[in-house]
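The numbering of the sequence shown is this note's numbering, which starts it at 1 and goes up by one.
A short write-up of the structure that comes next.
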Amino acid sequence: QLRAQNQVLKKGVVDEQANSASLKEQLKMKDQSLRKLQQEMDSLTFRNQQLAKRVELLQDELALSEARGKKNKKSAESSSQLSQEQKSVFNEDLQKKIEENERLHILFFEADEQHKRLEAELRTRLEVLEADAAQHQAVVDSLTRKYTDTIEKLQNDKAKLEIKSQTLEREAKDCRLRTEECQQQLKNLQAALGSRLEESLCIINEKVPFNDTRSNRYNALNVPLHNRRYQLKLRDLAGQALAFVQELVTALLNFHTYTEQKVQIFPIDSATDTISPLNQKFSQYLHENASYVRPLEEGMLHLFESITEDTVTVLETAVKLKTFSEHLASYLRFLRKILPYQLKSLEEECESSLCTAALRARNMELHRDMKRLTAVFEKLHTYVSLLALPSTKPEGLLRTNYNFVFTNISASLHGFHDILKDISKHYNQKATLEQDVPTATQKLITTNDCILSSLVALTNGVGKIASFFSNNLDHFTAALSYGPKGGAEFISPLSAECMLQYKKKAVAYMKSLKKPCADSVPYEEALANRRVLLSSTESREGLAQQVQQSLEKIARLEQEKEHWMLEAQLAKIKLEKENQKLKNSLSGNLTEPIQEHSVLPNVAEQKKETTEKSLREPIKSTSLVSDLFPSIEKNPLSLAPDVESREDLIKNHYMARIAELTSHLQLADSKSVHFHAECRALAKRLSLAEKSKESLTEELKLASQNISRLQASKISYEDQLSMMSDHLCSMNETLTKQREEIDTLKMTSK
1 QLRAQNQVLK KGVVDEQANS ASLKEQLKMK DQSLRKLQQE MDSLTFRNQQ LAKRVELLQD
61 ELALSEARGK KNKKSAESSS QLSQEQKSVF NEDLQKKIEE NERLHILFFE ADEQHKRLEA
121 ELRTRLEVLE ADAAQHQAVV DSLTRKYTDT IEKLQNDKAK LEIKSQTLER EAKDCRLRTE
181 ECQQQLKNLQ AALGSRLEES LCIINEKVPF NDTRSNRYNA LNVPLHNRRY QLKLRDLAGQ
241 ALAFVQELVT ALLNFHTYTE QKVQIFPIDS ATDTISPLNQ KFSQYLHENA SYVRPLEEGM
301 LHLFESITED TVTVLETAVK LKTFSEHLAS YLRFLRKILP YQLKSLEEEC ESSLCTAALR
361 ARNMELHRDM KRLTAVFEKL HTYVSLLALP STKPEGLLRT NYNFVFTNIS ASLHGFHDIL
421 KDISKHYNQK ATLEQDVPTA TQKLITTNDC ILSSLVALTN GVGKIASFFS NNLDHFTAAL
481 SYGPKGGAEF ISPLSAECML QYKKKAVAYM KSLKKPCADS VPYEEALANR RVLLSSTESR
541 EGLAQQVQQS LEKIARLEQE KEHWMLEAQL AKIKLEKENQ KLKNSLSGNL TEPIQEHSVL
601 PNVAEQKKET TEKSLREPIK STSLVSDLFP SIEKNPLSLA PDVESREDLI KNHYMARIAE
661 LTSHLQLADS KSVHFHAECR ALAKRLSLAE KSKESLTEEL KLASQNISRL QASKISYEDQ
721 LSMMSDHLCS MNETLTKQRE EIDTLKMTSK
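Structure (structure tokens):
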């Protein structure tokens, strides 16, 4: 840019120098013409002076001649004829000179005037040219200084740029080297990636039966990428929305309740007179507002609880939004039900004698506002029901229309807020006018204040909801519209539910992968023990058989355990029956303290009690020992302790014998299993040895065949080498002959 400006300035300076040179030439030419005119003027002045002197001389001569004529008239008369002729000649000559002088004076005057005018013009032009020259010189000086500064700056810049160019050249050289290295790396990477791509394609073609992302039906079952930040943000927004809805529900409850109170006291107070049937019905319907308003909060709470950090929250999975939409529809039906009564109540109030013209105008404004309020609730219910469609009927709302629905909900909320502001303003004016009514009571004023406070709270709550929805509109559209990778949307709510189940399974699988792995056998040790592992008693088949036998044994033991538990229960029942019989037989003979002591919940204490009774009263023993030894029944008081000790001894003996036999049986089973596993291992080793023997014999055969083939090929190679040596000798001979012929030809040519 500086070079271009420098060229333009140089061109301007050259043009100015050419203009100044041409002006100097013109000035020089004008000076020359001025000098010529000055010389002519000087010559004319000199000539004019000569003529003036001559005229003076002629006048003097004429005066002398006239004086002489007076003196000698006579002589003059005599010479009058001659002088007359001379006089006539002089007169003619004088007349000519006068005319010439007059003409010269005119020319001189004109030349003088022209000279003055030209001189003035030239002077003014000279001054202008000098001013222009001075200005141009100043411009030239300033440009020269500027150009010198620019040149110095450009030289400095040139030096810096040269240094920079040198550094850039070095960097470019380094970059070229790096690019060559990168190109080489790129080639290597392309080759590696190409090989990996081929390998991956082969694996995909062999292992993957089909690509589920090509079909929307199957792709909808894939778990999308989990965006934890979006889920947390969405849960936070749902919590804020829940708080706003709770405020809205509280305000609506207060508004409907205070409106019911207002209907009871104005224009007719129900405490003093009977209100109209219309207002009675209207008050009855308003009394039911909680059953329609409270479910809104519950529906929003369920929706908030369904949004967790681990779920995938989209409109297809937000099934609780349908419940909230149904509750909103129920509240809308309530508004539609009370709207005619509310409008008729306002009209009835306008027809009252207490209603003034201003109050009637406010009532009509509220009449219009209530219609608008119901209409905006209908619009909100329409859009919320549209948002609930993807969780039940996904074809009812396409994903491309999500943004449109959210935008309309935001606009409806802002319209709702504007309507509530109008209602608050008109009701405030209405309350002010009602205070001026003569029959206005303190109860009416308080109720109006409560209605106004509830309207203000309702307006503020709806304003918060509208601003909250507008601020987070983009997040709602983006967060509620993502789905499986490569797919536009979920096909159906069933597929979304299946996807959530797959996601839970995937999370459980990932958690199981995070568990630390158990210590495994080192690879070298596993390789060293491979042969032992193949033929050991801990082989898979043997262990499987042992496990199967153990399972069968466990099942058999469980059955025996169940059998003996049933036997024990039957024996216990028999014992309880016998004890009950004993109690019944001894109940008449025992004293009161003993009876109180006999009723105890513990079975051990019951046994203790029976032993004490057996010492006091004769009893009939029902034990096995009494069956075996019937003589004990004759004297049971003396032999009761021996019976119990003998039963314990017999029981302990049989239990010890059973334990010993069980241990012998388990030992025999384990030895038989061990011997069977050893036999299987020996048979397996034998089969492996036979297989290795067969493979070694085959390898030996192949090695002998290779040796014989190599020997035969060695002989053939030796024959070929001898033939090739003979062929080379013959070729050398032919070459020597050709060289000799070439030498002879050269000699002959010389």
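In this text, a Cβ means the ideal position worked out from N, Cα and C, and glycines have one as well.
Fair warning: this is a prediction, and the values are worked out from it, not measured in the lab.
- Look at Asp436 here: in three-state DSSP terms it is coil, with no helix or strand label.
- Contact between the segment 425-438 and the segment 355-362 is present: 3 or more CB-CB pairs across the two stretches fall below 8 Å.
- With respect to the 8 Å criterion, Ser385 and Ser325 are classified as neighbours on the basis of their beta carbons.
- Taking a cut-off of 8 Å on C-beta distances, the segment 37-47 touches the segment 96-108, as three or more cross pairs fall below it.
- Pairwise C-beta distances place the segment 395-412 out of contact with the segment 330-341, as fewer than three of them are shorter than 8 Å.
- At a Cβ-Cβ threshold of 8 Å, Leu413 and Met370 do not count as neighbours.
- For Ala318, the secondary structure class from DSSP, reduced to helix, strand or coil, is coil.
- Rounded to the nearest whole angstrom, the CA to CA distance from Gln155 to Leu168 is 19 Å.
- The C-alpha of Gly299 is placed about 16 Å away from the C-alpha of Thr313.
- In terms of Cα proximity to Arg125, the closest of Asp31, Arg709, Val140 is Asp31.
- In the DSSP assignment, Pro277 falls within the unbroken alpha helix (DSSP H) covering 277-286.
- Using a C-beta cut-off of 8 Å, the segment 247-259 makes contact with the segment 443-462, since at least three inter-stretch Cβ pairs fall below that distance.
- Counting the other CB atoms within 10 Å of its CB gives Leu696 a total below 16, which places it among the exposed residues.
- With three or more CB-CB distances shorter than 8 Å, the segment 133-150 counts as touching the segment 2-10.
- For Phe468, the three-state secondary structure derived from DSSP is helix.
- In this structure, His256 and Leu286 form a Cβ contact; the two beta carbons are roughly 5 Å apart against a cut-off of 8 Å.
- In the three-state reduction of the DSSP assignment, Glu309 falls in the coil class.
- Comparing alpha-carbon positions, the option among Leu366, Met364, Leu398, Phe416 lying closest to Ala375 turns out to be Phe416.
- In the displayed model, Ser353 falls within coil according to three-state DSSP, outside both helix and strand.
- Look at Phe266 here: in three-state DSSP terms it is coil, with no helix or strand label.
- Relative to Lys515, the option among Tyr402, Val507, Glu349 whose CA is nearest is Val507.
- For Lys701 and Leu686, the gap between their C-alpha atoms comes out near 23 Å.
- In summary, Ser391 is buried, with 16 or more beta-carbon neighbours lying within 10 Å of its beta-carbon over all protein chains present.
- Nearest to Gln280 by C-alpha distance, out of Thr259, Ser291, Val293, is Thr259.
- Pro340 and Glu309 have their C-alpha atoms spaced approximately 46 Å apart.
- In the displayed model, Ser20 falls within a helix according to three-state DSSP.
- Within 10 angstroms of the beta-carbon of Glu316 lie 16 or more other beta-carbons, which makes it buried.
- When the Cα atoms are used, Val521 and Ala241 turn out to be separated by approximately 57 Å.
- Straight-line spacing of the CA atoms in Glu16 and Glu127 works out to 17 Å.
- Going by beta carbons, Ser306 and Ala290 fall outside the 8 Å limit.
- Around Asn706, the same chain offers no residue with a beta carbon nearer than 7 Å, after the five sequence neighbours per side are excluded.
- Remark: C-beta atoms of Ala431 and Leu455 do not approach each other more closely than 8 Å.
- Taking C-alpha positions only, Glu351 is separated from Tyr383 by approximately 38 Å.
- Annotation for Ala111: Leu37, Glu40, Met41, Leu44 place their beta carbon closer than 8 Å to its own, counting only its chain and skipping 5 residues before and after.
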